[in-house]
Amino acid sequence: FIIRIKEVGFLDLFSKKTKATIINAGEGKYRHPSQALLDLYTIWEEWEYNFEKLKNLKVTIVGDIKNSRVARSLFQIFNKFEIKTYVYGPSTYLLENFEVYNVKPLNSLKEVISISDIVILLRIQLERQNAKKYFPSLNTYYKLYGFNLEKIKNINPNLKIMHPGPFNDKVEIESSLAYSKNSLIFKQVKNGVFVRAAILEKFLI
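Using this note's numbering, you'd call the opening residue of the sequence shown number 47 and step up by one each time.
This is the structure in structure tokens:
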């Protein structure tokens, strides 16, 4: 079974009731392992397929951490590979128990850009929530937390940008940055096919 479900804990329960293979395609706010795997693969590819080079790599996840199953899965997999993980976003979007995940919050966009090797942007899920509950406006969010070429070029011109997609233009990221040499977004899209095919081959064939 390939299952995506809103309820947390169902897959663990279901796995105890069946002998069939279960592939988690997304579980509530808490797990999205295939996205985490393809993101790790994309980073590994960019760093010359060398796991040693991933140790102490600095990755900052920016945006809606609280509601993101991608973020939680990334915390887990990055810890396994000794990748230093940071978070940044509106306080209303951040978790309270960071120490559980071994991640550190940063205090400004400038700090994020300065110290990070990679920034992973998370989509603001406008269709699922009232954005004004979390921040004053989309323009304000873009100004404080969004990324474009202008913001990074004088601080860290080699910064790599990722996004699980689809992105909101001029909210999380400006399209010119998404299509630039700094972006790994379309490598993520390509690798998503390969990684998920590998998962199917491993467990279903």
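Every residue, glycine too, gets a C-beta built ideally from N, C-alpha and C. Keep in mind the model is a prediction, meaning the values are calculated, not measured.
Using DSSP's beta-bridge definition, name the partner residues of R118. The partner list for R118 (beta bridge, DSSP) is empty, contrary to what the question assumes.
Quick check: the Cα distance between K150 and T131, rounded to an integer number of angstroms? 7 Å
Cα-Cα separation, L103 to E218: 22 Å
Buried or exposed (CB count within 10 angstroms, at least 16 for buried), N237: With 16 or more other Cβ atoms inside 10 Å of its own Cβ, N237 counts as buried.
Which parts of the stretch 163 to 211 are runs of the alpha helix (DSSP H), unbroken and 4 residues or longer, counting only runs that do not cross its ends? 184 to 191, 195 to 199
Is D85 closer than 7 Å to L168 when the C-beta atoms are compared? no
Using the three-state DSSP reduction, which class does S154 fall into: helix, strand or coil? S154: coil per DSSP, three-state reduction.
Just curious, the beta strand (DSSP E) that N70 is in, first and last residue? Boundaries of the beta strand (DSSP E) harbouring N70: 69 to 73, taken from the DSSP string.
Using alpha carbons as the reference points, say which of P212, A82, N153, Q234 lies closest to N125. A82
Residue environment, F97, which counts as buried when at least 16 other CB atoms sit within 10 Å: exposed
Within 10 angstroms of its Cβ, does K206 collect 16 or more other Cβ (buried), or is it exposed? buried
DSSP state of I159 mapped onto helix, strand, coil: helix
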